[in-house]
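Peer 1: Taking this note's numbering, I'd label the letters of the sequence shown as residues 51 to 677. The beta carbon of each residue, even a glycine, is placed where N, CA and C say it ideally should be. On a predicted model such as this, the values are computed, not experimentally measured, just so you know. Take this structure, written in structure tokens, and hold onto it; I'll ask about it next.
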Amino acid sequence: MIPASLGAGFAAGMLLHLVLLILVAARPSPRRLDRVFFFLFAALFAWHTGNLLQLSIASFHGAHRLVLLRFARMLAFSGLAALPALLVDVHAEYARLARRRALWLFYLPLALGGWGIWNAARAAAIPTGPWTAGFIVYFAAALTVAGLINLRLARRAVGHLRAFHGTLAIVFWALALACVYAFLVAPAAPALQAAQSLLMLSSIIPSALVGYWMFRFNFLEAAAQRTVGLAALGLLGLLAYALVIERLARRLEQAGFVPSAVTEAVLVFFLVVLVEPVWRRIRRWMAERVSMELLRLEAINAELQARALAASPEEVRALAQQRISEFLGFPVVVGLQGQLQPGAGRELKFREVGTLRVLEANTAEALARARLLAERLRIEHELAEREKMAALGEMTAFIAHRLKNPLSAINTLVQLISERSPEAVEACRVIRGEVRRLSSAVSDLLRFTRPDEPEWHRPSACAPVAQTEVSATEALEEAVRLFAADAAGKQVALEWRAESDLRLPVRRDWLHDILTSLLGNALDAAPAGSRVLVSCQRDTASNDSQIILAVEDAGPGVSPEHLEKIFDPFFTLKPGGTGLGLALARRRARQAGGDIRCISPAREGRGARFEVKFRRAAAADFADSAD
Numbered sequence: 051m052i053p054a055s056l057g058a059g060f061a062a063g064m065l066l067h068l069v070l071l072i073l074v075a076a077r078p079s080p081r082r083l084d085r086v087f088f089f090l091f092a093a094l095f096a097w098h099t100g101n102l103l104q105l106s107i108a109s110f111h112g113a114h115r116l117v118l119l120r121f122a123r124m125l126a127f128s129g130l131a132a133l134p135a136l137l138v139d140v141h142a143e144y145a146r147l148a149r150r151r152a153l154w155l156f157y158l159p160l161a162l163g164g165w166g167i168w169n170a171a172r173a174a175a176i177p178t179g180p181w182t183a184g185f186i187v188y189f190a191a192a193l194t195v196a197g198l199i200n201l202r203l204a205r206r207a208v209g210h211l212r213a214f215h216g217t218l219a220i221v222f223w224a225l226a227l228a229c230v231y232a233f234l235v236a237p238a239a240p241a242l243q244a245a246q247s248l249l250m251l252s253s254i255i256p257s258a259l260v261g262y263w264m265f266r267f268n269f270l271e272a273a274a275q276r277t278v279g280l281a282a283l284g285l286l287g288l289l290a291y292a293l294v295i296e297r298l299a300r301r302l303e304q305a306g307f308v309p310s311a312v313t314e315a316v317l318v319f320f321l322v323v324l325v326e327p328v329w330r331r332i333r334r335w336m337a338e339r340v341s342m343e344l345l346r347l348e349a350i351n352a353e354l355q356a357r358a359l360a361a362s363p364e365e366v367r368a369l370a371q372q373r374i375s376e377f378l379g380f381p382v383v384v385g386l387q388g389q390l391q392p393g394a395g396r397e398l399k400f401r402e403v404g405t406l407r408v409l410e411a412n413t414a415e416a417l418a419r420a421r422l423l424a425e426r427l428r429i430e431h432e433l434a435e436r437e438k439m440a441a442l443g444e445m446t447a448f449i450a451h452r453l454k455n456p457l458s459a460i461n462t463l464v465q466l467i468s469e470r471s472p473e474a475v476e477a478c479r480v481i482r483g484e485v486r487r488l489s490s491a492v493s494d495l496l497r498f499t500r501p502d503e504p505e506w507h508r509p510s511a512c513a514p515v516a517q518t519e520v521s522a523t524e525a526l527e528e529a530v531r532l533f534a535a536d537a538a539g540k541q542v543a544l545e546w547r548a549e550s551d552l553r554l555p556v557r558r559d560w561l562h563d564i565l566t567s568l569l570g571n572a573l574d575a576a577p578a579g580s581r582v583l584v585s586c587q588r589d590t591a592s593n594d595s596q597i598i599l600a601v602e603d604a605g606p607g608v609s610p611e612h613l614e615k616i617f618d619p620f621f622t623l624k625p626g627g628t629g630l631g632l633a634l635a636r637r638r639a640r641q642a643g644g645d646i647r648c649i650s651p652a653r654e655g656r657g658a659r660f661e662v663k664f665r666r667a668a669a670a671d672f673a674d675s676a677d
């Protein structure tokens, strides 16, 4: 029989597992793990409820006492019989074991469960014999496997979860050893009779740990159901208080102190009088705390929204990461779209989950606003640039038209003069050189002011205009052949290398503009006896998703204060330069969906390296250009 002193323990176990059942059942979209947890808590609830019913029926002397006792025992032993298999199943499902199907072997003994439960229900005490010994071994094996799985989880986890799984492993192994020793090694020892009774309540320990982690650290993502659990816990607390009132009133009446009605009235009145002021103070304290936290949240949101009006999205992200980490007291990583991820090893408490969701929404809104404003500024800048280039194009076309014929006439006359007057050959050579330089400047200006492809040629807002693929080997070989004579005249070694079968996602005429601009600058800067290297290769740092076209020289390089200015139109460091070569190269690179940058010094404190990055795309992304 069950000692009556265990009644309070079984009542506590029943209430605890009922609350856990409600928490798991309240999930809006349960997974298989939730369903297995539900059946596990249901089995434990049946075990404690059945034993509590036995205690209540023990003092009942009605005609159906034996039937009720058998029902209570069947309820208790039904839960106990299903407990080992469910315990192993829930751990295998939670750990996502690759071979968890093999653990279904623990369900096989349930085939004999009905016969064993019926015999146990008919017995007057805890059954003994081979079947009981077999079940103890079966139960101890399930506890051992659950402990091993928790040990594996503890080794992989960090922070609170590491302590949680490590504690569960120790508890399961201790319970397995205690069950084997108390029920198999020395079951008849008088000192172990009390231990056997206490082991019947041992499920409260791991269940209490799970409940604590669910409420404190959002274990099993139970934060959304915490209100449901608190309401159920409060209701069960009231029921327990009513049971205490009834028991205490009966004891006092039997002892001859006061009638039970008086005791019940006093305790109910005490509860009403005590609860109201305590609840009022709790509400006031909670309201003040919530109000202070909301004010801090509003301050962070206001700062982020204000920053979004005057800063880039990356700056807004950095500010959000700093302010949110300071507010929560632990590091938080802000994603590109405003997602908030706690630092490694940090497990969120219940109140932190809701706060993090509010901050995540505010951050996402601020980042969206910053991106919209950045896009608006980009479009406005592009429109202004187009208007400026349109006006410049008209002026350039007018100038080129007015200069083309005079320059051609001057070049022809100078050629005739040099043929007829040998003494004027040197002067004519200088004049023809200046004419070519002037004609080249006009050509650069015309190419730079040529309008872009229209917007409707773009497949998306972020994709480059329609383009084809160009063989890197052919493009570099052609460019080096074009500048070979100039390089030889300056005694500069012009070298090139490109990965085989590498194709650049850019139009051929745009690539020609880029290479001629970069090679011309490199040859102008390179001293005699040095080397200019042109290379094209995949960017291994980006997992081959980009291609780098680079031109490197050994000249004096570019000073840090000029690194950003050299790509501006009409900015030049060369005497007599137009300042349009690098501006044109950057424009063509961006039209092709890439970008250009300058690294200086490039090697051994000297030189400059210009890198153009192109985005590698699938064949479907490219369309042959009509040009």
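Going by the DSSP bridge assignment, what does K663 pair with across the sheet?
Peer 2: Numbered from 1 along the sequence shown, position 613 holds the residue referred to as residue 663. Partner(s): I598 and D645.
Peer 1: Nearest CA to the CA of T566: which residue from L599, V140, P555 and T590?
Peer 2: In the sequence shown, the residue the question calls residue 566 occupies position 516. Ranking L599, V140, P555 and T590 by Cα distance to T566 puts L599 first.
Peer 1: One question on the structure: do L568 and F660 come within less than 7 Å of each other, judged by their Cβ atoms?
Peer 2: Locating residue 568 in the sequence shown gives position 518, counting from the first residue. Locating residue 660 in the sequence shown gives position 610, counting from the first residue. Going by C-beta atoms, L568 is nearer than 7 Å to F660.
Peer 1: On the CB-based measure, 16 or more other CB atoms within 10 Å of its CB, does D645 come out buried or exposed?
Peer 2: The residue labelled residue 645 in the question sits at position 595 within the sequence shown. With fewer than 16 other Cβ atoms within 10 Å, it is exposed.
Peer 1: Specify, as a first and last residue, the run of the beta strand (DSSP E) that L390 falls within.
Peer 2: As a working note, residue 390 is residue 340 in the sequence shown. Here the beta strand (DSSP E) through L390 covers L390 to P392.
Peer 1: How big is the Cα-Cα spacing for A529 and V542?
Peer 2: The residue you call residue 529 lines up with position 479 of the sequence shown. The residue you call residue 542 lines up with position 492 of the sequence shown. The straight-line gap from Cα to Cα measures roughly 15 Å.
Peer 1: Would you tell me roughly how many angstroms separate the C-alpha atoms of E654 and G579, rounded to the nearest one?
Peer 2: For this step, residue 654 is matched to residue 604 along the sequence shown. For this step, residue 579 is matched to residue 529 along the sequence shown. So the two alpha carbons sit approximately 16 Å from each other.
Peer 1: Taking only runs that begin and end inside the region 100-140, name each unbroken alpha helix (DSSP H) of 4 or more residues, in chain order.
Peer 2: For the region 100-140, not a single whole alpha helix (DSSP H) run of length 4 or above is found.
Peer 1: Can you find the residues in the same chain that come closer than 8 Å, C-beta to C-beta, to L137, ignoring five residues on each side of it along the sequence?
Peer 2: To locate residue 137, count along the sequence shown from 1; it is residue 87. These residues qualify, in order along the chain: L90, A192, L193 and A196.
Peer 1: For R638 versus W546, is the C-beta spacing smaller than 7 Å?
Peer 2: The residue labelled residue 638 in the question sits at position 588 within the sequence shown. The residue labelled residue 546 in the question sits at position 496 within the sequence shown. No.
Peer 1: Determine the extent of the alpha helix (DSSP H) in which S375 is found, giving its start and end residues.
Peer 2: Position 325 of the sequence shown holds residue 375. P363 to L378 is the span of the alpha helix (DSSP H), which, as asked, contains S375.
Peer 1: E303 by DSSP, collapsed to three states: which one?
Peer 2: Working through the sequence shown from its first residue, we reach residue 303 at position 253. Three-state result, E303: helix.
Peer 1: In this structure, how does DSSP classify A548 when only helix, strand and coil are distinguished?
Peer 2: The residue labelled residue 548 in the question sits at position 498 within the sequence shown. Residue state, collapsed to three classes: strand.
Peer 1: If you count every other CB in all the chains shown that lies within 10 Å of the CB of E437, and 16 or more means buried, which is it?
Peer 2: Translated into positions along the sequence shown, residue 437 becomes position 387. Classification of E437: exposed, given that the 10 Å Cβ count is below 16.
Peer 1: So, with DSSP's three-state summary, where would you put Q587?
Peer 2: Position 537 of the sequence shown, counted from the first residue, corresponds to residue 587. Q587: strand per DSSP, three-state reduction.
Peer 1: Please determine, among H215, A349 and L125, the residue with the shortest C-alpha to C-alpha distance to Y262.
Peer 2: Numbered from its first residue, the sequence shown carries residue 262 at position 212. Among H215, A349 and L125, the Cα nearest to that of Y262 belongs to H215.
Peer 1: Quick check: what's the CA-CA separation for L117 versus L125?
Peer 2: Position 67 of the sequence shown, counting from 1, holds the residue named residue 117. Position 75 of the sequence shown, counting from 1, holds the residue named residue 125. At residue 117 the sequence reads Val, which differs from the Leu that was named. So the alpha carbons of these two residues sit roughly 12 Å apart.
Peer 1: Can you check which of these residues, P606, A642, R647 and V601, is closest to D618 by C-alpha distance?
Peer 2: Numbered from 1 along the sequence shown, position 568 holds the residue referred to as residue 618. The candidate whose alpha carbon is nearest that of D618 is R647.
Peer 1: So, at 8 Å on beta carbons, what are the nonlocal neighbours of D677 in its own chain, with the 5 sequence-adjacent residues on each side left out?
Peer 2: Counted from its first residue, the sequence shown places residue 677 at position 627. Its pLDDT being 36, under 50, D677 is placed unreliably in this model, and the coordinates cannot settle the point.
Peer 1: Does R421 have its Cβ less than 7 Å from a Cβ in chain C?
Peer 2: Protein chain content of the structure displayed is limited to a single chain, and chain C is not contained in it.
Peer 1: Would you give the residue range spanned by the beta strand (DSSP E) that E519 belongs to?
Peer 2: Here residue 519 refers to the residue found at position 469 when the sequence shown is read from its first residue. From DSSP, the beta strand (DSSP E) with E519 extends over E519 to S521.
Peer 1: Please state if the CB of P363 and the CB of A420 are separated by a distance shorter than 7 Å.
Peer 2: As a working note, residue 420 is residue 370 in the sequence shown. As a working note, residue 363 is residue 313 in the sequence shown. Their beta carbons are under 7 Å apart, which means A420 touches P363 by this criterion.
Peer 1: Can you grab the Cα-Cα spacing for the pair F189 / P309, in whole Å?
Peer 2: The residue given as residue 189 occupies position 139 in the sequence shown. The residue given as residue 309 occupies position 259 in the sequence shown. Approximately 48 Å between the Cα atoms of the pair.
Peer 1: Between the Cα of G385 and the Cα atoms of L409, A61, F620 and E376, which residue gives the shortest distance?
Peer 2: Within the sequence shown, numbered from 1, the residue matching residue 385 stands at position 335. The residue with the shortest Cα to Cα distance from G385 is L409.
Peer 1: Tell me where the beta strand (DSSP E) around L554 begins and ends.
Peer 2: Here residue 554 corresponds to residue number 504 of the sequence shown, with the count starting at 1. Element bounds for L554: R553 to P555.
Peer 1: Leaving out five residues before and five after V366 in sequence, what residues of the same chain have Cβ atoms less than 7 Å from its Cβ?
Peer 2: Sequence index remark: in the sequence shown, residue 366 carries index 316 (1-based). Result list for V366: L354, R357, A358, A416, L417 and A420, in chain order.
Peer 1: Does the distance from the C-beta atom of S595 to that of R666 stay below 7 Å?
Peer 2: As a first step, residue 595 is located in the sequence shown; it is residue number 545 there, counting from the start. As a first step, residue 666 is located in the sequence shown; it is residue number 616 there, counting from the start. Closer than 7 Å, so yes.
Peer 1: What residues in its chain sit with their C-beta under 6 Å from that of I374, if we drop five residues either side in the sequence?
Peer 2: Position 324 of the sequence shown, counted from the start, is the residue given in the question as residue 374. Closer than 6 Å at Cβ, skipping near neighbours: V382 and L409.
Peer 1: Measuring CA to CA, which of R334, M336, R339 and Q372 is closest to N351?
Peer 2: Stepping through the sequence shown from its first residue, residue 351 is reached at position 301. Comparing Cα-Cα distances from N351 to each of R334, M336, R339 and Q372, the minimum goes to Q372.
Peer 1: Considering just the uninterrupted stretch of the beta strand (DSSP E) at V608, what are its terminal residues?
Peer 2: Reading the sequence shown from its first residue, position 558 is the one you call residue 608. That residue, V608, is in no beta strand (DSSP E); it is neither H nor E in DSSP.
Peer 1: Apply the 10 Å Cβ neighbour rule to L155 and answer buried if 16 or more other Cβ atoms are within range, or exposed otherwise.
Peer 2: Working through the sequence shown from its first residue, we reach residue 155 at position 105. Classification for L155: exposed.
Peer 1: Can you give the Cα-Cα distance for N101 and Y157, rounded to whole angstroms?
Peer 2: As a working mapping, residue 101 is identified with position 51 in the sequence shown. As a working mapping, residue 157 is identified with position 107 in the sequence shown. Each residue's alpha carbon lies about 24 Å from the other.
Peer 1: Determine the direct distance from the alpha carbon of A93 to that of A174, and round the result to whole angstroms.
Peer 2: Position 124 of the sequence shown, counted from the first residue, corresponds to residue 174. Position 43 of the sequence shown, counted from the first residue, corresponds to residue 93. For A174, the predicted model reports a pLDDT of 49, less than 50, meaning its position is unreliable and no value from the coordinates is stated.
Peer 1: Just how far apart, CA to CA, sit A274 and R120?
Peer 2: Translated into the one-based positions of the sequence shown, residue 274 becomes position 224. Translated into the one-based positions of the sequence shown, residue 120 becomes position 70. Low local confidence applies: a pLDDT of 47 at A274 is under 50, so the model's placement there is unreliable, and no value is given.
Peer 1: Could you check what DSSP says for A61 in three-state terms: helix, strand or coil?
Peer 2: As a first step, residue 61 must be located in the sequence shown, where it is residue number 11. Looking at A61 - three-state DSSP - the assignment turns out to be helix.
Peer 1: Looking at A642: is its Cβ nearer than 7 Å to the Cβ of G605?
Peer 2: Taking the sequence shown and counting its residues from 1, one reaches residue 642 at position 592. Taking the sequence shown and counting its residues from 1, one reaches residue 605 at position 555. Cβ distance not < 7 Å, so A642 and G605 don't count as in contact.
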